[in-house]
Structures are given as structure tokens and as C-alpha cells.
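Respectively, the protein sequence lines represent chains A and B. First residue of the first sequence: 1, per my numbering; consecutive thereafter. First residue of the second sequence: 1, per my numbering; consecutive thereafter. Using N, Cα and C, we set each Cβ at its ideal position, and we do this for glycine too. Predicted model, so just to flag it, every value in this text is computed and none were measured. Each remark here refers to the structure printed beneath this line.
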Amino acid sequence: MITTIADAVAPLSGVTLFHYLFVACAMFVLGLVGFLTRRNLIIMFLCTELMFQAAGIALIAFSRFHMNHTGETFVIFVLTVAAAEAALALALVVLLFRRKETLDASAWTSMKG
Amino acid sequence: MPETALISPALLYVACALGALGVVLAMPRRQAAAYVIGAAVAAGGFALAMVGLAKGAGGEGLPGPLFYVFALVGLGGSLRVITHPRPIYSALYFILTIIASAGMYVLLAAEFMAFALIIVYAGAILITYMFVIMLASEGATESATEGATEYDRVSREPVVATLAGFVLLAALSTMLVGGVRQLPAQNSASGSEVMLMTGRTESALKAAGLMKEGEKLGAIGEQGKDLFEKGFVKVVGVDGVARDVPRGAWAGALRLTNTESIGFNLMEANPGAIEIAGVILLMAMLGAVILARKKVEMDDTAKALASRRAADDDELGIDGPFVAPAVGGNQ
Numbered sequence: 001m002i003t004t005i006a007d008a009v010a011p012l013s014g015v016t017l018f019h020y021l022f023v024a025c026a027m028f029v030l031g032l033v034g035f036l037t038r039r040n041l042i043i044m045f046l047c048t049e050l051m052f053q054a055a056g057i058a059l060i061a062f063s064r065f066h067m068n069h070t071g072e073t074f075v076i077f078v079l080t081v082a083a084a085e086a087a088l089a090l091a092l093v094v095l096l097f098r099r100k101e102t103l104d105a106s107a108w109t110s111m112k113g
Numbered sequence: 001m002p003e004t005a006l007i008s009p010a011l012l013y014v015a016c017a018l019g020a021l022g023v024v025l026a027m028p029r030r031q032a033a034a035y036v037i038g039a040a041v042a043a044g045g046f047a048l049a050m051v052g053l054a055k056g057a058g059g060e061g062l063p064g065p066l067f068y069v070f071a072l073v074g075l076g077g078s079l080r081v082i083t084h085p086r087p088i089y090s091a092l093y094f095i096l097t098i099i100a101s102a103g104m105y106v107l108l109a110a111e112f113m114a115f116a117l118i119i120v121y122a123g124a125i126l127i128t129y130m131f132v133i134m135l136a137s138e139g140a141t142e143s144a145t146e147g148a149t150e151y152d153r154v155s156r157e158p159v160v161a162t163l164a165g166f167v168l169l170a171a172l173s174t175m176l177v178g179g180v181r182q183l184p185a186q187n188s189a190s191g192s193e194v195m196l197m198t199g200r201t202e203s204a205l206k207a208a209g210l211m212k213e214g215e216k217l218g219a220i221g222e223q224g225k226d227l228f229e230k231g232f233v234k235v236v237g238v239d240g241v242a243r244d245v246p247r248g249a250w251a252g253a254l255r256l257t258n259t260e261s262i263g264f265n266l267m268e269a270n271p272g273a274i275e276i277a278g279v280i281l282l283m284a285m286l287g288a289v290i291l292a293r294k295k296v297e298m299d300d301t302a303k304a305l306a307s308r309r310a311a312d313d314d315e316l317g318i319d320g321p322f323v324a325p326a327v328g329g330n331q
């Protein structure tokens, strides 16, 4: 039953697709819960990366199901956006840390206005 | 396949509730958090969903055993990312999640993306995260939880957030159960993309003795793809006369690898998008450099905190990390 690269052209069943999509959904939800509950700015951004990752799994699973490579190509752009986001977000986190000497997101409640 | 539901909704909701309970238990909080119990309960929920799915599908079309291993490792890693009180361990667990996802990519016959994922995510993005975590840590290094800062040890509204998240999961998966059955039939790959690689096609033809030295392929690109799907390739002889060669055994070995297919898809279908991706990365790099160079003043509260910490270090005779003067970057 182990899928190998050799039988990559065999069609993927809808049931298997559902398994992968379920895992992708669960991972996305874990990222979402982490983003809402954690108070450390760096962990919050790490949780957005977790959500990107879940989207990637769903894209690859659909790409395999439909037997074309568009989904895989799109994951490349997801990686690009994730890398750009990480660079900018971490630069901002460093700035915020320099001002307050803490990574606590609730230290910035004054921005609520 | 029977036209019954893939999995009974009640079972799915019980599994989601178990997962939510496990996550709430594992969340860091003021009292000692029950990581192991939480992880076990969440894993039980996942196992329940998987067993329900296997039964509902009647044992047909299930993924192989490796899928379950990667899914469990990936989701367990994600759980630890969001519950570990020390950021550096969260980042390490995230690498575990990445590797498990890469395993799933390989199972889905996307080898190129699996390697790209490990190189870009585990190799580049996560290392940046680790640098920033170390740069912006608040010192203090005792045992696993003692040293963690207050805002890492206590989570914010764990019950409400987890409930909201898992209601979303239940809704999404209910929708998927209904939707997966209605997906359009998949179109199988015809293999005609191979005509984009004239060199490989020509050498296969020459090896089969269907093409002599000095001859070349007549129709290539889109035209060649159309002909190939009809079962021919056009070969132009040395004298300039074209002849049709039927697609035979020689074409069997010609299959684009995953990397080649992605390359064609990227360069043929999205040549503009890849340029834009390059510009986005350049802008992000410039933005990060400009932001990180900016000089910022410390808040009054932060100054008090820093001087108190420096005083503590002096008392203990420790050479503190760096304190106020160095903050702000070089100009």
C-alpha cells in the first residue's frame, strides 16, 4: 500500500484526498489557536507559518488529485510570501523589543487607541 | 464505493471535541500544564477520526501506513509549537512539523517541493527565527519552565480560542465530507509535455533506431504536443522531407520528472509571477534592513527594567548581556 514515486501516475482516491485535507485543516486550526492564545510575538508569527504550511499541504494534495502541477507551482509562491513575511515581521519584532525590552504582545495594548 | 457518508458527523464532532480538550489541557498556564495527558487526548481524537474514516470508506482507497506516521508527527509537532513555554523549543518543534510535511509531499509525489520545503523553511526561515529568538531573549536560563518569562508561561484565553478553532475544524471537515464526493473526475496526464524537451525525445528516437544522425524533430512545442496526443511525432530528414513516426515503445521511458514538470509549469504558465516573486523578496530584504537599522528610544518602563536587570547581574557577579548603551543599532 505504500505509495512510491514509481506509481505516481496512479490516480489518488477521494478518500485519501480527504485524509490529507483533514490533516491540513487540523494543522491550520492549531496555528490559529496558537496565534490567538500565545502572547509572545515571535511565537505568534511562528503560528502564521504553521498556517502557511497547512495551506501548502492542501495545495499539494489537490495538485496530486487533479494530476497537474499548478498546485505545486503555487506552493513556490506561498514559500516566497512566507519568506518575505518572516523577514519583515522579525525585523519589526526586533524593533518592538528594543523599545519595550519585552516580547509580550499585551505590552502594546496602548495601540488599541 | 458505497454512497454512504465518508464518516458519520457525530463521530467527527466527538473527535474534534477530544482534540479541543487535548489542546486546552496542553496549553501553558499558571498551574503545571498536563502536556502528556493533553497530547494523548488529542492523539486519541485524531485516531478516532482516522478509524471512523477507514470504516466509513469500507477500507477502500485509504492512504498507506506512512501517511498516518507523518500526520501524527506533524500534528504532534504543531501541538508542541503552540504549547511549549520556551520559544526556542517551539521553533525546533516547528522544524519537526516541516520534516513531517515534507514526508507527506513525497507521498503525494511532489519530491521537488519536499526538498524545497526543507531547504527554504527548515534551512532558512526557521534559522532566522532562531536568531531573533536568541537576540531578543530576556536572559534567565534555569530549568525548562522556571526560566521562561511570564508571558510565555501563561496563555491568553486558551478555552475560548481553542473552542473557536475547533468549531472551525468541525465545520470545515463536515463541508469536506460532502464536497470530496462531488469533485470532478481527474484528468490523467497524457505525457505529451515530453515534446517540450526535444533533446530527450530525439535521443530516445535515435536509441530506438527511428531517427538517424542529422535529422531533427519537425513539430515541437504546442504543435508537437497536439501531434503526440494523436500518436505521432514529426521527423524532418536530412533532405528536408518530413515523415510521421508513430508513438511506440520508445515513448514509454520518456516521462518528465517532477522537477522538470514544475519547471515547465513555472516558466510556461507563470513567467510574470516568478519575476514578481523576485521583486517581493528584494523589497522584503530592503524593508528588513531599513527597519532593523532604525534607531529607537527605550520606554521609561523598559529603561527601569534594564537597569534593574543590570543591577541584579552586578550583584551576582555576572557580566550581563548587553544593556542600554548598545541598544539602537549602529548608525
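Residue burial annotation: B:Trp250 is buried, with at least 16 other C-beta atoms found within 10 angstroms of its C-beta. B:Asp226 carries a helical assignment under DSSP once its states are collapsed to helix, strand and coil. Per DSSP, A:Arg38 lies in no alpha helix (DSSP H) and is assigned neither H nor E. In this structure, B:Ile118 is the residue among B:Asp300, B:Arg86, B:Ile118, B:Arg153 with its C-alpha nearest to the C-alpha of B:Thr97. In this model, B:Met283 and A:Arg39 are separated by some 29 Å (Cα to Cα).
Taking 9 Å as the cut-off, the beta carbon of A:Ala55 is found no closer than this to the beta carbon of B:Phe46. For B:Val41, the enclosing alpha helix (DSSP H) begins and ends at 35-56. Taking 9 Å as the threshold, the shortest C-beta distance from A:Met111 to chain B does not fall below it.
Secondary structure of A:Arg98 (DSSP, three-state): helix.
The region 94-113 of chain A and the region 295-302 of chain B touch, with three or more beta-carbon pairs separated by less than 8 Å.
Taking a C-beta cut-off of 8 Å against chain A, the contacting residues of the region 43-56 of chain B are Phe46, Ala49, Met50, Leu53, listed in chain order.
For the pair B:Val81 and B:Arg29, the Cα-to-Cα distance works out to about 15 Å. The alpha-carbon of B:Ala43 is positioned some 10 Å away from that of B:Val73. Listed along the chain, the chain B residues whose CB falls inside 7 Å of the CB of A:Thr48 amount to none; the nearest CB is some 11 Å away. In the assembly as shown, B:Glu268 is an exposed residue. Its beta-carbon has fewer than 16 other beta-carbons within 10 Å.
For B:Thr198, the nearest beta carbon of chain A is not closer than 9 Å to its own beta carbon.
Between B:Val24 and B:Pro158, the C-beta spacing is below 9 Å. Assigned with DSSP and collapsed to three states, A:Leu92 falls in helix.
With a threshold of 9 Å between beta carbons, B:Arg181 makes contact with chain A. At a Cβ-Cβ threshold of 9 Å, B:Val180 and A:Val23 do not count as neighbours. Cβ contact annotation for B:Gly218 (same chain, cutoff 7 Å, sequence separation greater than five): Lys234, Val235, Val236, Ala242, in chain order. What A:Ala58 touches in chain B, judged by beta-carbon distance under 7 Å, is nothing: the nearest beta carbon there is about 10 Å away. When DSSP states are grouped into helix, strand and coil, B:Ala148 belongs to the coil group. Classified as exposed, B:Gly123 has fewer than 16 neighbouring CB atoms from the shown chains inside 10 Å of its CB. Going by beta carbons, B:Arg86 and A:Thr37 fall outside the 9 Å limit. When Cβ-Cβ separations below 9 Å define contact, B:Glu275 makes no contact with chain A. Judged by DSSP in its simplified three-state form, B:Asp312 adopts helix. Annotation note: the region 156-216 of chain B contains the following uninterrupted alpha helix (DSSP H) runs of length 4 or greater, listed N- to C-terminal: 158-180, 198-207.
Chain A has a Cβ within less than 9 Å of the Cβ of B:Asp152. In this structure, A:His66 is the residue among A:Gly31, A:His66, A:Gln53, A:Ile42 with its C-alpha nearest to the C-alpha of A:Pro11. In the structure shown, the three-state DSSP call for B:Arg247 is coil.
The beta carbon of B:Ala91 lies closer than 7 Å to those of Leu126, Tyr129, Met130, Ile133 in the same chain, with the five residues before and after it left out. In this structure, the CA atom of B:Leu176 is about 27 Å from the CA atom of B:Ile262.
Under the DSSP assignment, B:Val14 falls in the alpha helix (DSSP H) whose first and last residues are 9-26.
Under the Cβ distance rule, B:Phe166 counts among the residues neighbouring chain A, one pair being separated by less than 9 Å. Between the alpha carbons of A:Ser110 and B:Val106 lies a distance of about 47 Å.
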